[in-house]
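Some notes on the structure that comes next.
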Amino acid sequence: MPDNKVYLLDGGSLVLDGFHIWWNKGPGGEVRFPVYSTLIETPKGRFLIDTGYDYDHVMRALAFEKPKQTKEQTIPGALKLLGLEPKDIDVLFNSHFHFDHVGGNRFFPDAKKICHKQELEQSASPQPFEVLGYSDMAFNTEAAAARGMADQLSPDQTDSNTAFEFVEGDVELAPGVTLIFTPGHTIGHYSLLVEFDTRAPLLLTLDACYTKRSYEQEINAGFHIDPVAGVNSMRRLKQIEAEKGAEVLFSHDAESFATYRTGVNFYG
Ligand code: 5PN
Ligand code: ZN
Ligand code: ZN
4 MPDNKVYLLD GGSLVLDGFH IWWNKGPGGE VRFPVYSTLI ETPKGRFLID TGYDYDHVMR
64 ALAFEKPKQT KEQTIPGALK LLGLEPKDID VLFNSHFHFD HVGGNRFFPD AKKICHKQEL
124 EQSASPQPFE VLGYSDMAFN TEAAAARGMA DQLSPDQTDS NTAFEFVEGD VELAPGVTLI
184 FTPGHTIGHY SLLVEFDTRA PLLLTLDACY TKRSYEQEIN AGFHIDPVAG VNSMRRLKQI
244 EAEKGAEVLF SHDAESFATY RTGVNFYG
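In terms of the numbering used here, the sequence shown opens at residue 4 and continues consecutively.
This is the structure we're talking about:
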């Protein structure tokens with residue numbers, strides 16, 4: 004069995020109206036929710052899942068989401084709490100390309116980068132209702148250029164140091180680290196199952212389920228490409244939870260997040 008360790012990297016918080024978090028259910032009103040990334044230390048290397056949001060981008064493009072992010076809640080800051088630097092990350096996997104999951108990608112020019120086959124092309128040519136979600140394009144030179152947003156790139160970013168390898172379907176990234184294809188929120192969205200030597204598996208829903216209530220009541224977020232696929236993805240996660248006896252972690256749930264291990268406290 005794999006000797007895996009999972010660290011949750013606190014990335015600060017944002018605000019949305021409750022009708023965006025719980026689509027067509029609410030209640031409405033401002034809800035502040037956490038954003039975090041996931042570091043998995045494995046015998047095969049360090050895998051980072053997502054990179055949070057870029058504070059300056061949110062202030063420019065979505066200031067109404069009222070970002071709160073300390074220096075320790077940037078990706079380099081959160082890694083530093085663990086005695087790590089961005090160059091210590093071997094593989095960066097993006098669950099999807101929404102701005103709150105790609106904001107720190109530019110810190111990882113040397114990591115191998117992986118995403119779903121269709122997610123990159125969708126972000127380069129989104130549906131009109133997806134434009135706000137795919138508003139930070141600094142993770143890939145070609146997709147940024149296709150959107151007319153090359154001004155978001157910094158001079159040191161190149162086609163090759165922002166290139167992705169593609170996967171589709173369920174994929175084992177490393178022993179005990181499995182990407183679970185959960186489309187609906189976006190076309191190429193992934194959730195994550197991590198198995199351990201010594202404890203129950205973790206099932207990270209990522210944005211297939213923002214909150215515990217979303218999961219229990221099968222409520223999509225307001226941002227989605229296919230809500231029916233989204234409900235089916237939540238049902239699939241429930242099946243995996245039951246089969247594996249997994250502990251389920253949600254992506255944007257303040258109440259749940261307060262009970263999760265963060266900083267130097269890890270799972271494994
Ligand atoms: C946090 C957040 N805010 C807005 C959007 C959006 O338009 O698509 C995805 C998304 C978000 O995750
Ligand atoms: Zn999302
Ligand atoms: Zn998100």
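Glycine is no exception: its CB is placed at the ideal position from the N, C-alpha and C atoms. Note that the coordinates shown come from a computational prediction; the quantities given were computed from them, not determined experimentally.
Enclosing beta strand (DSSP E) for residue i [first to last residue]
{"i": "Ala177", "result": "Val174 to Ala177"}
{"i": "Arg202", "result": "No beta strand (DSSP E) contains Arg202, which DSSP labels as neither H nor E."}
{"i": "Asp13", "result": "Lys8 to Asp20"}
{"i": "Val34", "result": "Glu33 to Thr45"}
{"i": "Phe50", "result": "Gly48 to Ile52"}
{"i": "Glu250", "result": "Glu250 to Leu252"}
Within 8 Å, strictly: CB atoms of residue i and residue j
{"i": "Asp57", "j": "Gly106", "result": "yes"}
{"i": "Asp93", "j": "Lys120", "result": "no"}
{"i": "Leu51", "j": "Leu95", "result": "yes"}
{"i": "Asp53", "j": "Ser40", "result": "yes"}
{"i": "Phe169", "j": "Phe100", "result": "no"}
{"i": "Asp75", "j": "Ala66", "result": "Contrary to the premise, residue 75 reads as Glu rather than Asp in this sequence. For Glu75 and Ala66, no; Cβs fall outside 8 Å."}
{"i": "Val251", "j": "Thr208", "result": "yes"}
{"i": "Ala177", "j": "Ser194", "result": "no"}
Own chain residues within Cβ distance below 6 Å of residue i, not counting five before or after
{"i": "Asn164", "result": "Pro112"}
{"i": "Lys69", "result": "Val18"}
{"i": "Ile22", "result": "Contrary to the premise, residue 22 reads as Phe rather than Ile in this sequence. Gly29 and Gly31."}
{"i": "Met152", "result": "Met140"}
{"i": "Glu44", "result": "Lys8"}
{"i": "Gly266", "result": "Leu84"}
Contact test: residue i Cβ vs ligand 2 heavy atom, cutoff 7 Å
{"i": "His23", "result": "no"}
{"i": "Asp20", "result": "no"}
{"i": "Phe142", "result": "no"}
Residue i CB to nearest heavy atom of ligand 4 below 7 Å
{"i": "His101", "result": "With respect to small molecules bound, the structure shown includes ligand 1, ligand 2 and ligand 3 and not ligand 4."}
heavy atom of ligand 1 below 7 Å from residue i C-beta
{"i": "Phe253", "result": "no"}
{"i": "Phe260", "result": "no"}
Check: residue i C-beta below 7 Å from any heavy atom of ligand 3
{"i": "His104", "result": "yes"}
{"i": "Asp210", "result": "yes"}
Contacting residues, own chain, Cβ-Cβ under 8 Å from residue i (five flanking each side not counted)
{"i": "Ile24", "result": "Val34, Phe36, Tyr213, Thr214, Ser217, Ala224, Gly225 and His255"}
{"i": "Arg202", "result": "Tyr270 and Gly271"}
{"i": "Asp162", "result": "Thr144 and Glu145"}
{"i": "Glu219", "result": "none"}
Contact set for residue i: own chain, Cβ-Cβ below 7 Å, skip 5 residues either direction
{"i": "His227", "result": "Gly187, His188 and Gly233"}
Residue span of the alpha helix (DSSP H) that contains residue i, given as start and end
{"i": "Glu219", "result": "Lys215 to Gln220"}
{"i": "Leu240", "result": "Pro230 to Lys247"}
{"i": "Arg63", "result": "Tyr58 to Ala64"}
{"i": "Thr124", "result": "Reading off the sequence shown, one finds Glu at residue 124, where the question assumed Thr. Taken as a continuous stretch (DSSP letters only), the alpha helix (DSSP H) holding Glu124 covers Glu122 to Ala127."}
{"i": "Gly80", "result": "Ile78 to Lys83"}
Taking only runs of the beta strand (DSSP E) that begin and end inside the region 87-119, which ones reach a length of at least 3 residues, in chain order? Secondary structure in the region 87-119: the beta strand (DSSP E) runs of 3 residues or longer, each lying completely within the stretch, are 94-96 and 115-119 in chain order.
Jot down the residue ranges of each uninterrupted alpha helix (DSSP H) in the region 139-192, minimum 4 residues, whole runs only, in chain order. 144-149
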